[in-house]
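In order, the protein sequences belong to chains P and D.
Residues in the first sequence are numbered consecutively from 255, following my numbering.
Residues in the second sequence are numbered consecutively from 255, following my numbering.
In this text, a Cβ means the ideal position worked out from N, Cα and C, and glycines have one as well.
2 protein chains.
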Amino acid sequence: MKKKVSTMDGRSARKHTAILEAATSVFLDKGYSGTSMDDIAKLAAVSKQTVYKHFSDKEKLFAEIVLATTDRLDATIDLLADLPTDDAGLEENLTRLARQLLTSLTDPQVIQLRRLIIANADVFPDLGNEWYERGFERGLATLAATFQRLADQGLLRIDDTLLAANHFSGLLLWIPVNRAMFTGSTRHTDADLDRYAAAGTRAFLAAYR
Amino acid sequence: MKKKVSTMDGRSARKHTAILEAATSVFLDKGYSGTSMDDIAKLAAVSKQTVYKHFSDKEKLFAEIVLATTDRLDATIDLLADLPTDDAGLEENLTRLARQLLTSLTDPQVIQLRRLIIANADVFPDLGNEWYERGFERGLATLAATFQRLADQGLLRIDDTLLAANHFSGLLLWIPVNRAMFTGSTRHTDADLDRYAAAGTRAFLAAYR
DNA sequence: CACCGGAACTGGACCGTACAGTACCCACAC
DNA sequence: GTGTGGGTACTGTACGGTCCAGTTCCGGTG
């Protein structure tokens, strides 16, 4: 028993994470069908056999790394939960939140991940659903809860907080995210993002205050 | 000469369009790397040789059909140019426009096309750019012009019409388009779309009237 | 500390298959 | 016959996945 565990902690576990990291990197870079198991093995400095010892096949490996990256979204979602509720600087605070959200979601890695999932949504429908629910809907729900607090304080006038959360993110993200999706390059300058955040927040407050 | 032309007009041209249609259908259905030239030839009821006689290789064929489908967007864009400007029913008119826009952009074919382009945006960056400019930016510019007319009439209060166009589409489309992107199924009922159109328009007018 | 046994790892050959692209032949029109 | 377009059969290659024979790691035993 003990022997087995310690063995797992050593070499095997190291190889396991090495494979995961390599796979993540290559998949994000070249897409699902663009990457071969040989590529992954090579980048992980591991033999192909070992890859197959840890992951039964390519699809399983892919699913694993995608779902693993989902966890990274937690930080972004936490952002949405913490909004200072001093009525004085509401616009300022919301703008800052908007700006952080923009930074998170236009991060090249995140964009690549979105691309990867969208690209394979028909082959791996479960992954698309899972990611949508765990990332998207959860984020919106969190933001809605935050808005509810603001509404309770009388800072905002909202009857459907979930809808308001949708509108807030739509105002902010529609442009830059679409651009990033279609034009590979993420050609947003910081100034662009500042503008999007300010303008989107202003429009949101005009509609919901 | 004439002989050649008539020959071209007959069999050859028919094959040409048959190939284009078949390719469009299969590419939309199975993605770029998911479709083989054999698939296309078979669906077009044509030999593979003939396919290669008309299109030098797979990439060229793909580019051709994607750019061809871009033209279909013209109808959608024209939508955005014609908005009745009687101040009485502004909200009603805008809501109708919103609803039509939603119908157009949640059309399964359009969604599939988006997916296709996004999925291959890193392999075919030109296609992504072209589509973004010809479809996206053109649509936004058209909508901005329409808003400008409304603003000139004093129906809306807008200082940056392009930004307003972005906000309008973001309010409307962020939710349904994202859902369609990630979850293969387009599970929008008509009632959903009605709601999105009404709510989005209301928020827009609250911000910009 | 030296050694042992077994599990995990390695490298590479290998199989089957799918697929982009090509060579060659046929059928029909002039 | 001569030329053009179409079809069949082929080539080369890349890749997912497996197999095997040898090697390394690591914990346990004397």
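Whole-angstrom distance between residue j and residue i, CA atom to CA atom
| i | j | result |
| --- | --- | --- |
| M291(P) | A322(P) | 19 Å |
| D376(P) | G408(P) | 44 Å |
| R326(P) | L355(P) | 14 Å |
| K312(D) | F422(P) | 42 Å |
| D446(D) | A453(D) | 11 Å |
| A457(D) | N347(P) | 21 Å |
| L426(D) | Y386(D) | 18 Å |
| K257(D) | A267(D) | At K257(D) the pLDDT is 36, less than 50, meaning the model places this residue with poor confidence; the figure from the coordinates comes in the next sentence. C-alpha separation (whole angstroms): 14 Å. |
| S358(D) | T357(P) | 30 Å |
| A295(P) | Q366(P) | 21 Å |
| L416(D) | G389(D) | 15 Å |
| Q384(D) | A272(D) | In the sequence as displayed, the identity of residue 384(D) is Glu instead of Gln. The straight-line gap from Cα to Cα measures roughly 25 Å. |
| V300(P) | D332(P) | 36 Å |
| R350(P) | A329(P) | 16 Å |
| G288(D) | F281(D) | 8 Å |
| E275(D) | S279(P) | 37 Å |
| A461(P) | A461(D) | 5 Å |
| G285(D) | L370(D) | 6 Å |
| K269(P) | S310(P) | 15 Å |
| R449(D) | D444(P) | 35 Å |
| T437(D) | I372(P) | 9 Å |
| A335(D) | G393(D) | 9 Å |
| N374(P) | D283(P) | 14 Å |
| Q363(P) | T324(P) | 12 Å |
| L381(D) | V320(D) | 8 Å |
| M262(P) | K302(P) | Annotation note: pLDDT 46 at M262(P) (below 50); position unreliable, coordinate value reported separately. Roughly 19 Å separates the two Cα atoms. |
| N432(D) | G264(P) | 42 Å |
| D340(P) | T455(P) | 17 Å |
| A434(P) | M435(D) | 15 Å |
| D293(D) | P338(D) | 47 Å |
| N420(P) | A342(D) | 29 Å |
| G424(P) | E318(P) | 30 Å |
| T396(D) | R353(D) | 17 Å |
| A399(P) | K307(D) | 60 Å |
| A298(P) | L315(P) | 14 Å |
| L459(D) | W428(P) | 18 Å |
| L344(P) | R463(D) | 22 Å |
| D361(P) | V305(P) | 29 Å |
| R368(D) | A277(D) | 16 Å |
| H442(D) | P430(P) | 24 Å |
| A451(D) | A418(P) | 14 Å |
| F378(D) | E391(D) | 19 Å |
Closer than 7 Å at the beta carbon, the chain D residues around residue i
| i | result |
| --- | --- |
| I331(P) | Those within 7 Å of I331(P) in chain D number zero; the least Cβ separation is about 16 Å. |
Near the ligand PLP: residue i beta-carbon under 7 Å from a heavy atom
| i | result |
| --- | --- |
| A451(D) | Summarising the ligand content, the structure contains no ligands, and the ligand PLP is consequently not present. |
Beta-carbon neighbours of residue i, restricted to chain D and to distances below 9 Å
| i | result |
| --- | --- |
| A461(P) | L425, R456, A457, F458, L459, A460, A461, Y462 |
Chain P residues whose Cβ lies nearer than 7 Å to that of residue i
| i | result |
| --- | --- |
| A453(D) | L417 |
| F281(D) | Within 7 Å Cβ-Cβ: nothing; F281(D) doesn't reach chain P, min ~12 Å. |
| E372(D) | What sits at residue 372(D) in the sequence shown is Ile, not Glu. Going along chain P in sequence order, the residues near I372(D) (Cβ under 7 Å) are R369, I372, A373, M435, F436. |
Partners in chain P for residue i, counting only beta-carbon separations shorter than 8 Å
| i | result |
| --- | --- |
| R326(D) | Here the premise fails: no neighbours, minimum Cβ distance about 17 Å. |
Partner residues on chain D for residue i, Cβ-Cβ distance less than 8 Å
| i | result |
| --- | --- |
| I429(P) | N420, G424 |
Give the list of continuous alpha helix (DSSP H) stretches no shorter than 4 residues that lie fully inside the region 431-462 of chain D.
Segments of the alpha helix (DSSP H) lying fully in the region 431-462 of chain D: 444-462.
Please list, in chain order, the residues of the region 341-359 of chain D that have any C-beta partner in chain P closer than 8 Å.
None of the residues of the region 341-359 of chain D has a beta carbon lying less than 8 Å from any beta carbon of chain P.
Residues, ordered as in the chain, of the region 394-423 of chain D that lie near chain P by beta-carbon distance below 7 Å:
If you check each beta-carbon in the region 394-423 of chain D against every beta-carbon of chain P, the ones closer than 7 Å belong to L417, N420, H421, S423.
Along the region 288-312 of chain P, where does the CB come closer than 7 Å to a CB of chain D? Name the residues.
Contacts with chain D (Cβ-Cβ distance below 7 Å) from the region 288-312 of chain P involve no residue at all.
Validate contact between the region 389-405 of chain D and the region 400-417 of chain P using beta carbons, cut 8 Å, 3 pairs:
Look at the beta carbons and you see the region 389-405 of chain D not touching the region 400-417 of chain P: under three pairs across the two are nearer than 8 Å.
Which ranges does the alpha helix (DSSP H) cover as unbroken runs of at least 4 residues, wholly within the region 374-430 of chain D, from first to last along the chain?
Within the region 374-430 of chain D, the complete alpha helix (DSSP H) runs of at least 4 residues are 379-385, 392-406.
Members of the region 374-389 of chain D near chain P, C-beta cut-off 7 Å
Answer set for the region 374-389 of chain D: A375, D376, P379, G382, N383, W385, Y386.
Identify every run of the alpha helix (DSSP H) within the region 282-363 of chain P, keeping only runs that are complete inside it and at least 4 residues long; order them along the chain.
Segments of the alpha helix (DSSP H) lying fully in the region 282-363 of chain P: 291-297, 302-308, 312-324, 327-335, 344-359.
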